[in-house]
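Let me begin by presenting the structure, written as structure tokens, before commenting on it.
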Amino acid sequence: MAAGYQAARFRRGISAAALAMALAVGAPALAQSTSTLRGKVAGAAPGTAVVITDLTTGQVIRGRTDDAGTYTIPGIRPSTYRVAVDGQQPQQVVVPVGQTITLDINTPAAATEAGATETTTSADAGSGTGSDIVVTGRRTQEVRTAEISTNVSQQQIESLPQSDRNFLNFAALAPGVSVTPGRSNRQVQAGGISADNVNVFIDGLSLKNQVNHGGVAGQNFSQGNPFPQLAVQEFKVDTQNFKAEYEQAGSAIITAVTKSGGTDFHGTIFGEWQPKGFYGTKYSDRPGKANNRDGSLKQGDYDRKQYGGDFGGPIIKDVLHFYGAFEATDQKAPSAAVLLGTTNTDQPSQVVPQAIADQYNGSYAQDFHQKLYFGKLTAFVSNADTVNFSGFFRRESNLADFGGTSVPSHGHLLQSKIDLYQLEWNHRGDNWLNEATIAYNTVFNGTPRTGSGPEIILGQPGAVAAALGTNGFEQSDNQKTWTFKNNVTFFSNAHVIKAGVKVSLNDLSRAEDNLGNGSYYFTPSTYTTFDASTPQQAAVSVVPVQAAKVKDTQIGLFIQDDWTVNDHITVNAGIRWDYETNAKNDKFVTPDAIATALRNYQPWQAAGINPEDYISNGSNRKPYWKAFQPRLGISYDINGDRDTVLFAGAGRYYDRPLFITAGIETVKALYQRTVTLSFCDGPGQPTCASFRQGNGGVLPATTLVWNDSYKNVDNLRAAATATGVGGDVWLLNNNTKLPYSDQFNFGVRKRLGVVQTSITFSHIRSHNIFKYVRGNRLPSGQYTSQGDQWIEDNFPASGILPGYSGKLNIGSNDGKAEYNAVYFTAEKPFVTGSKWGFTATLTLQQAKSNVAQELQSDEFYNGPRVDAYGWNYVAGVEKWRFVGTGIARGPWDTKLSLTGTFSSGPSFGQVITRPAPAEFLGTTGTYGNFGGVFWPDQIVGYASVDARISKTFRMPWGTDLEVNFAAFNLFDSVNRTYSAWGAGSGVNPTKRENDTQGVPRSFQVGARYKF
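Start counting the sequence shown at 59; every next residue gets the next number (this note's numbering).
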């Protein structure tokens, strides 16, 4: 035994020396995924040892009591722990992610956090002793806090029904949080503002999308999963009032912790299948319904397979453990039906020929493929040092972006590629803890075209009857980040003080190809083929495509104190400061041609707009250094027994601007110049004389006599270049500000037996919401002669910036939002020993904003200022939302689970076609209020009940085989989509449209083998 002990010491010594050398560069810490265990030991002398053992990894951590018998052990990973004190009966406690859990030794079970009336089994708790007192499952909730947090356990992740294995789905269990339903871009929204303002932390590392929308890297246009669900041990959703250690989030955050290899080998293999017969047809596409009256449209092929596995265990037991996971999805799903209209009584020329409609109308397969890989090594270098090294890799492709008036060739191949490497080192002292991490990650998202050739549009700009050929637009986003953090925690009987520093070095880039392949506009009714038809217009980019790039250093500092004043009062106080060197494209220099045109733009002079506010010389945009964010939470435990707790909190939360909004200024000014040309004197085209008549006897610079050679894109580009005309101009205001939210909440938590309940009032004010607004003005200084509530894409010549032919867009930070809500929650956790458990969350909310535009739009194209339509409800946010789940033991050793989601449905805007102002180029114009003008015309606008049944068979060799069957939207509820262009179209809109969100009634079968 002595020899084995010396060998273990020798191995640990070598590991410690090697790791110390590897980490000598200085490392960061990303410790938001750890938790704290604290409590009192009755009758303990000062310095009494409290020993906790992680029953998964076998790691042993020691703490000591102070003069009052209190112990505090921070920085522990979520797991089940055996807590031992000499002279006391050992206890087991489950510690969730990101919480402070109180476990008093030698106290009645009812005095622990939410009470314990059930016991766990080895599946929950590991290998404790038979005489252990067990504080079960997730009843160990933190109640003495002002944070609005929801923990999602491994039992819920494994048991509740979900169709696509995306752990973000479970964020909907939190109050005030919604998740995009169905198979569209999977994003999380909260607080009455965009999904861009959330943040997700995996093992403490931020997965923030710094370039494009969606909040989470890779989710801006992806239905895929941001991380393999199998590798997620559990996670927490903080709806509001999270602590100072969390950065870059103006609404909610999600903190997840990954699994680690244990002292024994363990693994899982799973598969889930949805064949075509298991997937229902969308309501409006069914025979006899709106999109398929004669039943001739058949649903496209569908098949989805999800499969993967994980494996972990010891390489050197109690010294070096490993864990790996793999998940894949292969899916062929039917698209939204292609529906090319063959009737148009108002404009017969815009009718698509029957032959074209017959060629393309129908539903097509959209292929989606994703592979996710995760691996981790954990080294217990010494009793004081733990090192983790992990890697995550995501590969994804998705044929999408067609349906409606777009045919499959006009789609995109959506792609994602993410590589992430993370090294963590935790060192523990007697009353302090240092957590350090260094991480490097790369993120690529792109939407390449599906083929080559030009874009073919039947119709006219703004009124597309059919989109054929290849898409005219493709984009790619890249971010590369080195992150360094270091957090240090000092703890005593009353205080847990934590301070940290973060430095991130970012390389961000974005490229756009807008019409590099050329786009041709044909009159729909006369179109046959590209070669045999003559276009009315064409548009093409005349400059080479390059990426806009910036380097941005982000620095964050924080300090916070969790102060237990006494058994009644707990104070969580902190302050955070964030700084970026180049958050707003600060080094950009406005090209001389644009600067000169702006200074000479007479309409701005008449409107009183100062062009110098939008002209950058590379040094007049200063980084913002005042992003101080105080955060305070207070809770009062009325009886000191964690039964009834009052709480309140307030704080400021800064987010950051997306690079897409800053980089587009560079892209449009330097790397994208699109010229639109009109043609005359060709077959079916207007006469050139008619153009000259309206332009002083000469052809406008962008009107050309038709020549068949223009069907060659290179020839078209040469002709467009020769006009000398520029394209769109997009400009940031030099005083662009960072978005932030001020949050306040108060409420009460009450334990009713084994059920934990809460009621919370939430108030959030969000500031500096950014949009690009129309900068074009008439010579009078007006946007239009009839006010500001118009969509205007084609200004008359008198309103165009001299030398340019497109839109003039200018950045505005004047957006605001207010959010008021009441949250009701109730939970009885389900653990292995439970017969049943449930959660219930009801959110009553009112979200209003002065920005009458969709949440994640970059462009406020419906007016010259974001408040042109006044204050409205926030489009896409519901009045109320209820999410309930239940898990229960069924007959024959089955497990049954349900998830029910019901809501008012989202608010949506209004679009009205009306007579245009006199200066418009057409006779009609469009009013577009894209705020929340209307609500669905039914009390329940969205309803879905999902169900799952599973049975586990114990195999003769001691392993488990589970078979499961799930039904989604069990009652086949018709959950319509609601948009301004559809349900809100017209003076008296129908408030309905012929498309649905979520999934039709569908089924899934699966199996899981655990060993």
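Note that the Cβ used here is the ideal one computed from N, Cα and C, for glycine as well.
Quantities reported herein were computed from a predicted structural model and do not represent experimental measurements.
Practice task
Could you work out which residue in I215, N658, F336 is closest to P860 when comparing CA atoms only?
Solution key: N658
Between D261 and N529, what straight-line distance do the alpha-carbon atoms span, to the nearest angstrom? N529 has its alpha-carbon roughly 39 Å from the corresponding atom of D261.
Inter-residue spacing [alpha-carbon to alpha-carbon] between K356 and F432: 40 Å
Could you tell me if G1056 is buried or exposed, where buried requires 16 or more neighbouring beta carbons within 10 angstroms of its beta carbon? buried
* Asked: Given T1035, which residues of its chain have a CB within under 8 Å of its CB, disregarding the five upstream and five downstream residues?
  -> A1041, E1051, D1053, T1054, Q1055
> Buried or exposed: D951, going by 16 or more other Cβ atoms within 10 Å of its Cβ?
Replying inline: exposed
S677 burial status per 10 Å Cβ neighbour count (16 or more: buried):
exposed
Query raised in the report: Within this structure, are the beta carbons of T897 and G234 separated by less than 7 Å?
Result: no
- Query: Roughly how many whole angstroms lie between the Cα atoms of S236 and N773?
  - Reply: 50 Å
Can you tell me whether Q306 is buried or exposed? The criterion is at least 16 other CB atoms within 10 Å of its CB, across all chains shown. buried
Whole-angstrom distance between P239 and L690, CA atom to CA atom:
Cα atoms of L690 and P239: separation of roughly 34 Å, rounded to the nearest angstrom.
Helix, strand or coil: which one does DSSP assign to R135?
-> coil
Q: Tell me whether T587 is buried or exposed, calling it buried when 16 or more other Cβ atoms sit within 10 Å of its Cβ.
A: exposed
So, for M1013: in the same chain, excluding its five sequence neighbours on each side, which residues have a beta-carbon less than 7 Å away from its beta-carbon? L1019
Close beta carbons around T111, own chain, < 6 Å, minus the five adjacent residues each side: Closer than 6 Å at the Cβ level, and outside the excluded window around T111, lie V118, R140.
- Task: Give me the Cβ distance between C746 and V763, rounded to the nearest whole Å; I'm assuming they're in contact under 8 Å.
- Result: 6 Å
Using alpha carbons as the reference points, say which of D144, N765, P219, A905 lies closest to Q1062.
P219
*Ordered list of alpha helix (DSSP H) runs contained in the stretch 741-815, each at least 4 residues*: Segments of the alpha helix (DSSP H) lying fully in the stretch 741-815: 746-751, 771-780.
Of the choices D565, E205, S1002, T971, whose alpha-carbon is the least far from that of G520? T971
Using the three-state DSSP reduction, which class does T175 fall into: helix, strand or coil?
Confidence at T175 is low in this model, with a pLDDT of 35, below 50, so its placement is unreliable and no value can be given for it.
(Q) Looking at P154: is its Cβ nearer than 7 Å to the Cβ of P136? (A) yes
What three-state label does DSSP hand F896 in the structure shown?
-> strand
Notebook entry, point to check: Are at least three pairs of beta-carbons, each pair with one atom in the stretch 358-370 and one in the stretch 200-208, less than 8 Å apart?
Noted result: no
**Request:** Decide if K886 is buried, meaning its Cβ has at least 16 other Cβ atoms within 10 Å, or exposed.
**Result:** buried
Inset, instruction - Compute the Euclidean distance between the alpha carbons of R835 and P854, then round it to the nearest angstrom. - result: 10 Å
**Item:** Q147 (DSSP reduced to helix, strand or coil)
**Value:** coil
What's the call for P392, buried or exposed, on a 16-neighbour Cβ count within 10 Å? buried
Given I617 as reference, the closest of Y578, A590, P688 once Cα atoms are compared
P688
From N668, Q480, A524, L704, pick the residue whose C-alpha is nearest to that of G805; which is it?
-> L704
Contact belief for G527 with G511 at Cβ below 8 Å, rounded distance in angstroms: 6 Å
- Compute the Euclidean distance between the alpha carbons of L566 and S280, then round it to the nearest angstrom. 20 Å
Run of the beta strand (DSSP E) containing T628, from where it starts to where it stops
627-638
### Query
Straight-line CA distance for S965 to G320?
One C-alpha to the other measures close to 48 Å.
Closer than 6 Å to a non-hydrogen atom of the ligand MN - does that hold for the CB of N678? No copy of the ligand MN occurs in the structure displayed, which carries no ligand at all.
(request) Check the Cβ-Cβ distances between G234 and every residue of chain D, and say whether any is below 7 Å. (result) No chain D is present in this structure, which holds just one protein chain.
Consult DSSP for P715 and reduce its assignment to one of helix, strand or coil.
coil
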